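Below you'll find the structure, written out as structure tokens, and then a few comments.
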Amino acid sequence: MDTFPVTRRPNAHAGRFSPAWARAVFFLFLMSAFSAWAEENISPERRNEIIRLVRNDCGACHGGTLKGGLGLPLRPENLRDKPPETLRATILHGRAETAMPPWSDFLNEEEAGWIVDQLLKGFPDAR
Amino acid sequence: MRGDETSHTFFSTGGGGAAYFPFIPAKAGIQNKTKKPFVLSPSKDEHTFRQSKLELVGTRPDGRDSFFCLPKRKNPKKRAPCFRGASRSLALLADPGGSLNSHWLRQCSDRRSPKSPGSAALLSAAEGNLKAALCVHPSTSSGRTVFCFDTLTPTLSRKRERENCAGRVGIARGGWLGNFLALIFCFTLTACAGVRLEGTGDLGIVVERDSGSVQIVNTTARTVLAKVEGLGDLTHASAVYSRDGRYAYVFGRDGGLTKVDLLTRKIAKRVMQAGNSIGGAVSQDGRFVAAQNYAPGGVKVFDAETLALVADIPAVYGDGQLSKVVGLADASGNRFVFSLFDAGEIWVADMSDSAHPAISRFPAGRQPYDALITPDGRYYIAGLFGEDGLALLDLWHPEQGARRILDGYGQGEQKLPVYKMPHLRGWAVAGTRAYLPAIGHHELLVVDTQSWREVGRIALAGQPVFAIVRPDGKQVWVSLAYPDNQHVQVIDTESGKVTRTLEPGRAVLHLEFTPRGEAVWISSRDDNKVTIYDTARLEKIAELPLAAPSGIFFTSRANRVGF
Numbered sequence: 239m240d241t242f243p244v245t246r247r248p249n250a251h252a253g254r255f256s257p258a259w260a261r262a263v264f265f266l267f268l269m270s271a272f273s274a275w276a277e278e279n280i281s282p283e284r285r286n287e288i289i290r291l292v293r294n295d296c297g298a299c300h301g302g303t304l305k306g307g308l309g310l311p312l313r314p315e316n317l318r319d320k321p322p323e324t325l326r327a328t329i330l331h332g333r334a335e336t337a338m339p340p341w342s343d344f345l346n347e348e349e350a351g352w353i354v355d356q357l358l359k360g361f362p363d364a365r
Numbered sequence: 020m021r022g023d024e025t026s027h028t029f030f031s032t033g034g035g036g037a038a039y040f041p042f043i044p045a046k047a048g049i050q051n052k053t054k055k056p057f058v059l060s061p062s063k064d065e066h067t068f069r070q071s072k073l074e075l076v077g078t079r080p081d082g083r084d085s086f087f088c089l090p091k092r093k094n095p096k097k098r099a100p101c102f103r104g105a106s107r108s109l110a111l112l113a114d115p116g117g118s119l120n121s122h123w124l125r126q127c128s129d130r131r132s133p134k135s136p137g138s139a140a141l142l143s144a145a146e147g148n149l150k151a152a153l154c155v156h157p158s159t160s161s162g163r164t165v166f167c168f169d170t171l172t173p174t175l176s177r178k179r180e181r182e183n184c185a186g187r188v189g190i191a192r193g194g195w196l197g198n199f200l201a202l203i204f205c206f207t208l209t210a211c212a213g214v215r216l217e218g219t220g221d222l223g224i225v226v227e228r229d230s231g232s233v234q235i236v237n238t239t240a241r242t243v244l245a246k247v248e249g250l251g252d253l254t255h256a257s258a259v260y261s262r263d264g265r266y267a268y269v270f271g272r273d274g275g276l277t278k279v280d281l282l283t284r285k286i287a288k289r290v291m292q293a294g295n296s297i298g299g300a301v302s303q304d305g306r307f308v309a310a311q312n313y314a315p316g317g318v319k320v321f322d323a324e325t326l327a328l329v330a331d332i333p334a335v336y337g338d339g340q341l342s343k344v345v346g347l348a349d350a351s352g353n354r355f356v357f358s359l360f361d362a363g364e365i366w367v368a369d370m371s372d373s374a375h376p377a378i379s380r381f382p383a384g385r386q387p388y389d390a391l392i393t394p395d396g397r398y399y400i401a402g403l404f405g406e407d408g409l410a411l412l413d414l415w416h417p418e419q420g421a422r423r424i425l426d427g428y429g430q431g432e433q434k435l436p437v438y439k440m441p442h443l444r445g446w447a448v449a450g451t452r453a454y455l456p457a458i459g460h461h462e463l464l465v466v467d468t469q470s471w472r473e474v475g476r477i478a479l480a481g482q483p484v485f486a487i488v489r490p491d492g493k494q495v496w497v498s499l500a501y502p503d504n505q506h507v508q509v510i511d512t513e514s515g516k517v518t519r520t521l522e523p524g525r526a527v528l529h530l531e532f533t534p535r536g537e538a539v540w541i542s543s544r545d546d547n548k549v550t551i552y553d554t555a556r557l558e559k560i561a562e563l564p565l566a567a568p569s570g571i572f573f574t575s576r577a578n579r580v581g582f
């Protein structure tokens, strides 16, 4: 029972279809659209650069063919069981107590995510 | 002047004294009617044969040999003899009316072949000026003949010629036996083995990492001699040499071990010996070649001649796990010394009983990533990745175990990320100083090799990967890791300072001094070249185009301990 002279606005959503679950779905849609857009943020030239970086400089330890070396193999069958978030974090921040360095000085979040996507599918060759 | 006085004119010799001409049957058409059919002019481009001026058809790129033919005759049915000439003599190549040897005939479909009957053209000389194809157009339209020969040696292998020429020119079609130039080769056919008479001391190989090939190079001429393909995954590759300096054992990333013959320029033998490998060593007596493997972790020892497996040493530690093996080097007493990255140990394998090597194991420290043996062969030093320090094993007294040196060298400084592991070898030592990369710092540690204490540090423009001393000890050349890998720095050992920062090219992967150090070869992967510097003047003196070159290995390693 309101005794304060507060004016409640009428329900702003009155008349629109907006249950909580629909809002959640819409939000997720926006997020995925955003990340799709963010991926397109990586230009084709930058993608080529990243491919060369992975093949040459990650490949220094993981093998030019990504079959492993001092570092673990990075073929799709090796990474299938690992959560992509973990892989992305490893690329950006390295792994303590191992020889894996952080690459955040050279790659941003989207680019690391793109690398993980490509590794899971089968990493493209350098052109 | 040779070969112009007698009727043996046509058998004149070039430099070596061997007769170029094979036996010519009596029906050979050349009638030596004049006493001096050749008139050699002082200029090496103008000679006459039977009073006709010879046309220069082509010259070998290094100028040491030229090819001449008589000019086109008015009567197109007449054939034009051609000659090969060195500076002071000429030897007949194509003899009208001479006997045909159908094994040597190929038809020329190269577009540079001569178009008009009776003329000839020199096709391009192959790498190293060793092959030249002389294409002679017959008088008729029925086809052209190509002759390929090795211009460096006076002998020729029939089988080799067919191989070497087949890729260059078209396959023979029928019909060339008709009214066609009768051509006689001027080389004897005695040496069919195909082994060239040359030393290997100034040879080497450069790995082309993306194409599974190596290029054989000559450090005196600064040329590329031949490409050898089919070595598998060479995205990381390392090589050691046989005791006689003739064979290179190339260890590929995919576990391939390839024995390359530098004289025949072919693969002599190849085995797939592991799943993932990074390098190896040849034993003190030259009988064994050992490979260090990541997968399965361990060392495999092979017979250096046949590549038959002699011993398998799995790097077992803990509860049955296998460790990656790094830092394999040969030591005196026919031993192999190596480190286990995951186990943190140094092992010594004594090959006295080759089928059952005696293994000694020593704790070393966390994650030894590579190792070197000092040039005197006494000390084995493993660099540690997992902690600040190095492990030193005195091979004169291995029972004393490995001791820690330069402990805590990184204390007080923030550790920087390591984007590429440094590589250690005995090239790090000059006199009583060792120049060792510091892990996690953009510095070289200068260590006194008597006391094994740090006596200085040299700040660098990036993280060191290779720190290699010039053979006379006056300079240390350092290559850097990503993202600074376009730079190479030169340090003067007397002052301990960087005297020059060079930019040989993008993505410098390796550098190697010529045997006595007057020049250094530096590979640049992304610029597809090897740059050669004069080490005294620090000036670029040559560049060689190579596809994504990485490791450079010269035969001078064959007799260095620990290489």
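Heads up: the sequence lines are chains Z and R, in that order. For the first sequence, the numbering used here gives the first residue as 239, with consecutive numbering after it. For the second sequence, the numbering used here gives the first residue as 20, with consecutive numbering after it. Yeah, the Cβ is synthetic: ideal placement off N, Cα and C, and Gly gets one too. Predicted model only: the values in this text are computed from it and were never measured.
Cβ-Cβ distance between residue i and residue j below 7 Å
{"i": "valine 448 of chain R", "j": "threonine 393 of chain R", "result": "yes"}
{"i": "serine 514 of chain R", "j": "leucine 528 of chain R", "result": "no"}
{"i": "valine 509 of chain R", "j": "serine 498 of chain R", "result": "no"}
{"i": "tyrosine 399 of chain R", "j": "methionine 440 of chain R", "result": "no"}
{"i": "leucine 425 of chain R", "j": "leucine 409 of chain R", "result": "yes"}
{"i": "phenylalanine 355 of chain R", "j": "lysine 343 of chain R", "result": "no"}
{"i": "glycine 316 of chain R", "j": "leucine 276 of chain R", "result": "no"}
{"i": "valine 354 of chain Z", "j": "leucine 330 of chain Z", "result": "no"}
{"i": "isoleucine 297 of chain R", "j": "alanine 267 of chain R", "result": "no"}
For residue i, the nearest candidate out of the options (CA to CA)
{"i": "asparagine 578 of chain R", "options": "R:Ser232, R:Lys285, R:Gly305", "result": "R:Gly305"}
{"i": "glutamate 558 of chain R", "options": "R:Phe573, R:Ala538, R:Leu216", "result": "R:Ala538"}
{"i": "aspartate 221 of chain R", "options": "R:Thr550, R:Tyr260, R:His442", "result": "R:Tyr260"}
{"i": "threonine 451 of chain R", "options": "R:Thr512, R:Trp496, R:Trp366", "result": "R:Thr512"}
{"i": "leucine 347 of chain R", "options": "R:Asp331, R:Asp338, R:Ile365", "result": "R:Ile365"}
{"i": "arginine 444 of chain R", "options": "R:Gly402, R:Lys72, R:Gly481", "result": "R:Gly402"}
{"i": "phenylalanine 573 of chain R", "options": "R:Lys72, R:Leu216, R:Gln234", "result": "R:Gln234"}
{"i": "valine 549 of chain R", "options": "R:Asn237, R:Glu217, R:Ser351", "result": "R:Asn237"}
{"i": "valine 279 of chain R", "options": "R:Gly271, R:Arg265, R:Val484", "result": "R:Arg265"}
{"i": "alanine 334 of chain R", "options": "R:Ala314, R:Asn353, R:Glu418", "result": "R:Ala314"}
{"i": "alanine 254 of chain R", "options": "R:Gly274, R:Leu244, R:Ala245, R:Thr239", "result": "Note that residue 254 of chain R corresponds to threonine in the displayed sequence, not to alanine. Considering only alpha carbons, the answer is R:Gly274."}
CB contact check: residue i to chain R, cutoff 7 Å
{"i": "proline 362 of chain Z", "result": "no"}
{"i": "glycine 309 of chain Z", "result": "no"}
{"i": "proline 322 of chain Z", "result": "no"}
{"i": "threonine 420 of chain Z", "result": "Because residue 420 of chain Z is not part of the residues shown, which for chain Z are 239 to 365, the question remains open."}
{"i": "aspartate 295 of chain Z", "result": "yes"}
{"i": "alanine 327 of chain Z", "result": "no"}
{"i": "alanine 337 of chain Z", "result": "yes"}
{"i": "glycine 306 of chain Z", "result": "yes"}
{"i": "proline 340 of chain Z", "result": "yes"}
Residue-chain proximity (residue i, chain Z), Cβ-Cβ < 7 Å
{"i": "aspartate 252 of chain R", "result": "yes"}
{"i": "asparagine 312 of chain R", "result": "no"}
{"i": "proline 456 of chain R", "result": "no"}
{"i": "tyrosine 501 of chain R", "result": "yes"}
{"i": "asparagine 547 of chain R", "result": "no"}
{"i": "phenylalanine 404 of chain R", "result": "yes"}
{"i": "lysine 439 of chain R", "result": "yes"}
For residue j and residue i, the rounded distance between their alpha carbons
{"i": "leucine 357 of chain Z", "j": "arginine 293 of chain Z", "result": "11 Å"}
{"i": "serine 281 of chain Z", "j": "alanine 500 of chain R", "result": "26 Å"}
{"i": "threonine 283 of chain R", "j": "glutamate 227 of chain R", "result": "19 Å"}
{"i": "alanine 486 of chain R", "j": "glutamate 531 of chain R", "result": "11 Å"}
{"i": "proline 534 of chain R", "j": "alanine 258 of chain R", "result": "16 Å"}
{"i": "glutamate 146 of chain R", "j": "arginine 241 of chain R", "result": "Low per-residue confidence applies at glutamate 146 of chain R: pLDDT is 35, beneath 50, and the placement is therefore not dependable enough to give any value."}
{"i": "glutamine 126 of chain R", "j": "serine 232 of chain R", "result": "Summary for glutamine 126 of chain R: the model assigns pLDDT 32, below 50, so the residue's position carries little reliability; its value from the coordinates is reported in the next sentence. Each residue's alpha carbon lies about 30 Å from the other."}
{"i": "threonine 520 of chain R", "j": "valine 495 of chain R", "result": "12 Å"}
{"i": "glycine 351 of chain Z", "j": "alanine 337 of chain Z", "result": "21 Å"}
{"i": "serine 371 of chain R", "j": "alanine 350 of chain R", "result": "12 Å"}
{"i": "leucine 414 of chain R", "j": "glutamate 347 of chain Z", "result": "49 Å"}
{"i": "glycine 584 of chain R", "j": "tryptophan 259 of chain Z", "result": "This structure does not reach residue 584 of chain R, given that chain R is present from 20 up to 582, and the question cannot be answered."}
{"i": "lysine 493 of chain R", "j": "asparagine 547 of chain R", "result": "29 Å"}
{"i": "isoleucine 378 of chain R", "j": "alanine 330 of chain R", "result": "12 Å"}
{"i": "threonine 468 of chain R", "j": "alanine 453 of chain R", "result": "6 Å"}
Chain A contact for residue i (CB, 7 Å cutoff)
{"i": "proline 436 of chain R", "result": "Here the protein chains are Z and R, and chain A is not one of them."}
Spell out a yes or no on whether the stretch 376 to 388 of chain R and the stretch 564 to 574 of chain R are touching, meaning 3 or more CB-CB pairs, one atom from each, closer than 8 Å. Contact between the stretch 376 to 388 of chain R and the stretch 564 to 574 of chain R is not established, with fewer than three Cβ pairs separated by less than 8 Å.
Please confirm if the stretch 308 to 323 of chain R is in contact with the stretch 291 to 298 of chain R, defined as three or more CB-CB distances below 8 Å between the two stretches. The stretch 308 to 323 of chain R is in contact with the stretch 291 to 298 of chain R.
Contact the stretch 282 to 291 of chain Z vs the stretch 305 to 323 of chain Z: 3+ CB pairs below 8 Å: Touching, no.
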